[in-house]
Amino acid sequence: VVQRIFTNTRERCRQQNVNGAFADLRQLVPTHPPDRKLSKNEVLRLALRYIHFLDGLLTDQDLGQVPRGRAESLELSPRSSCDSWAEEQDCGGLGRYLHLEPGC
1 VVQRIFTNTR ERCRQQNVNG AFADLRQLVP THPPDRKLSK NEVLRLALRY
51 IHFLDGLLTD QDLGQVPRGR AESLELSPRS SCDSWAEEQD CGGLGRYLHL
101 EPGC
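In the UniProt record's numbering, the protein residues as written are 1 to 104.
Okay, here's the thing in structure tokens:
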């Protein structure tokens, strides 16, 4: 009985740690709309897409394909988002990386 209580407590602590990490990551990933509730799966998928987008942006900057002033004006902070998917270009193409396909 004591072992079970210890195991349950340890698992509960682990789950709280994982949930806290997801909550932190959820705040760092820009979403559309910004207040959209995301599942853990969606958080991971969007985080991967956001990282890929930022990596591509840095690569383009290094290759000189994106003027430095343009990249700095994209406002790619986690709190920013496009007002509509039609404004993708104004957000530097970020919208296509933040879109989740149905069933993902």
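Using N, Cα and C, we set each Cβ at its ideal position, and we do this for glycine too.
Residue burial classification, residue i (beta-carbon count within 10 angstroms, cutoff 16)
i           : result
R4          : exposed
residue 165 : The requested residue 165 does not occur in the structure, where the chain is confined to residues 1 to 104.
F6          : exposed
Three-state secondary structure assigned by DSSP to residue i
i   : result
Q65 : coil
L57 : helix
From the options, residue whose alpha carbon lies closest to that of residue i
i   : options               : result
L46 : L58, T9, F6 and H32   : H32
R26 : Q61, N41, Q15 and Q65 : N41
L44 : V2, Q65 and V18       : V18
S39 : F22, L63, R14 and Q61 : F22
L28 : L48, R14, L58 and E11 : L48
C-beta atoms of residue i and residue j nearer than 8 Å
i   : j   : result
Y50 : P30 : yes
Heavy atom of the ligand FAD within 7 Å of residue i beta-carbon
i   : result
Q61 : The ligand FAD is absent from the structure shown, which contains no ligand whatsoever.
Jot down the residue ranges of each uninterrupted alpha helix (DSSP H) in the UniProt domain "BHLH" (2-54), minimum 4 residues, whole runs only, in chain order.
2-28
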